[in-house]
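Written out below as structure tokens is the structure these notes cover.
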């Protein structure tokens, strides 16, 4: 039986405000592409073409508009609205009609993996455990679901955001389940946080003697829940860029692994990679430093930008200092026609903000 996919794209994204006041956190671009697209592509690479997408009422229309019917990837998308953010296990319960008796991959849409999931799907199809969970060591396990393994690597215990973590191994938000998970979820009660916890559901499988397999992430993993995580994810993805310059260069220098999309113009400027310049963007009399992604139709005029994300249509003019470690939402305008005393400037601005410095 083929696996289905279930991608979670709800949630309020409170840690990413003001960016998420006007957009779904899963649609924030990483290296010029919405985070959610990477999840869809991971599932497709693993051979999964029947994918459910969990929506929230607040941002569901935006996610639908971004993903469409899935035909751009050759997948079939089914949209499922989770009326309230009552936890990951509740999202699975909401999708039981779509999932039916199929095994499935549960993929949180604000996760980013370098190693993909194809090897996990292949293992599941060969060995048929009740669940496969993906883990990674983290510095502060209190912010995650935590897994305790025995000496042989067998899953013994799972806890959600423990105050005194017994392990530094965190669940990264990618799971493979057999249909057996539904019976456990249907018996869950809300936790102290008022949510139906996926950790408790997996613990139910363990307590029932079911086989739950744990693997550590291959390569890197990022939970893009905070602005600094977005920037680090952007850095990691840009690090694997292969140079491709299709836009126009006029009296400019492009150094290293840089993508310049068709219709972009680089005029009297330097772009030092790894960096991404989106279609229709304009960089004029400026400098774009490493680990920067410039969105479609954005403008950087007489300014320097480094280690930053500028979303589509963002505009930066005449900054007398370097914009660094910044995330500018769609259509943001930053005009530097003012007196400045700092060598660098860090900004996180939501869509359509206007700032005069």
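Residue numbers (our numbering): 312 to 668.
Glycine residues also receive a C-beta, built at the ideal position from the N, C-alpha and C atoms.
Between the CA atoms of residue j and residue i - distance to the nearest angstrom
| i | j | result |
| --- | --- | --- |
| residue 413 | residue 667 | 54 Å |
| residue 461 | residue 409 | 35 Å |
| residue 525 | residue 431 | 10 Å |
| residue 448 | residue 568 | 30 Å |
| residue 547 | residue 556 | 20 Å |
| residue 362 | residue 350 | 11 Å |
| residue 455 | residue 655 | 33 Å |
| residue 272 | residue 374 | Limits of the chain in this structure are 312 at one end and 668 at the other, which puts residue 272 out of reach. |
| residue 481 | residue 660 | 30 Å |
| residue 551 | residue 587 | 11 Å |
| residue 516 | residue 503 | 21 Å |
| residue 595 | residue 571 | 14 Å |
| residue 405 | residue 446 | 25 Å |
| residue 627 | residue 536 | 25 Å |
| residue 324 | residue 337 | Note that residue 324 scores 49 on pLDDT, short of 50, meaning its location in the model is unreliable and no value can be drawn from it. |
| residue 403 | residue 366 | 12 Å |
| residue 415 | residue 444 | 12 Å |
| residue 530 | residue 499 | 34 Å |
| residue 442 | residue 578 | 53 Å |
| residue 451 | residue 576 | 43 Å |
| residue 391 | residue 469 | 27 Å |
| residue 609 | residue 368 | 30 Å |
Reduced DSSP category for residue i - H, G, I as helix; E, B as strand; rest coil
| i | result |
| --- | --- |
| residue 553 | coil |
| residue 539 | helix |
| residue 514 | helix |
| residue 635 | strand |
| residue 526 | strand |
| residue 428 | coil |
| residue 652 | Because residue 652 carries a pLDDT of 48, less than 50, the predicted location of this residue cannot be relied on, and the following value inherits that uncertainty. It is coil, neither helix nor strand. |
| residue 561 | strand |
| residue 544 | helix |
| residue 442 | strand |
| residue 500 | coil |
| residue 339 | coil |
| residue 433 | helix |
| residue 658 | coil |
When the options are compared against residue i, the one with the closest alpha-carbon
| i | options | result |
| --- | --- | --- |
| residue 623 | 431, 600, 664 | 664 |
| residue 540 | 340, 394, 469, 371 | 340 |
| residue 492 | 529, 476, 615, 509 | 509 |
| residue 364 | 377, 357, 358 | 377 |
| residue 496 | 575, 397, 581 | 397 |
| residue 488 | 590, 424, 512, 631 | 512 |
| residue 538 | 391, 640, 424 | 640 |
| residue 604 | 465, 613, 592 | 592 |
| residue 400 | 390, 419, 384 | 419 |
| residue 435 | 469, 582, 359 | 359 |
| residue 383 | 371, 348, 391 | 348 |
| residue 395 | 321, 433, 458, 344 | 321 |
| residue 318 | 368, 389, 599 | 389 |
| residue 648 | 612, 620, 635 | 612 |
| residue 370 | 469, 380, 607, 335 | 335 |
Segment limits, alpha helix (DSSP H) that includes residue i
| i | result |
| --- | --- |
| residue 493 | 491-496 |
| residue 450 | Careful: residue 450 lies outside any alpha helix (DSSP H) and carries neither H nor E. |
| residue 350 | 346-356 |
| residue 375 | 371-378 |
| residue 402 | 399-405 |
Buried versus exposed call for residue i [16 or more other C-beta atoms within 10 Å across all chains shown]
| i | result |
| --- | --- |
| residue 652 | At residue 652, the pLDDT of 48 sits below 50, so the modelled position is not reliable; the number obtained from the coordinates is stated separately. So residue 652 ends up on the exposed side. |
| residue 439 | exposed |
| residue 393 | buried |
| residue 475 | exposed |
| residue 669 | As displayed, the chain neither begins before 312 nor continues past 668, which places residue 669 out of reach and without an answer. |
| residue 421 | buried |
| residue 633 | buried |
| residue 519 | exposed |
| residue 477 | exposed |
| residue 471 | buried |
| residue 580 | buried |
| residue 562 | exposed |
Cβ of residue i within 8 Å of any chain D Cβ
| i | result |
| --- | --- |
| residue 319 | Any reference to chain D falls outside this structure, which holds one protein chain only. |
Residue range of the beta strand (DSSP E) that includes residue i
| i | result |
| --- | --- |
| residue 362 | 361-366 |
| residue 591 | Unbroken run through residue 591: none, as it is neither H nor E. |
| residue 418 | 415-419 |
| residue 626 | 626-628 |
| residue 483 | 480-488 |
| residue 534 | 532-534 |
| residue 604 | 603-605 |
| residue 316 | 315-319 |
| residue 666 | 665-667 |
| residue 390 | 387-392 |
| residue 577 | 576-578 |
| residue 646 | 644-646 |
| residue 456 | 456-460 |
| residue 467 | 466-471 |
| residue 610 | 610-612 |
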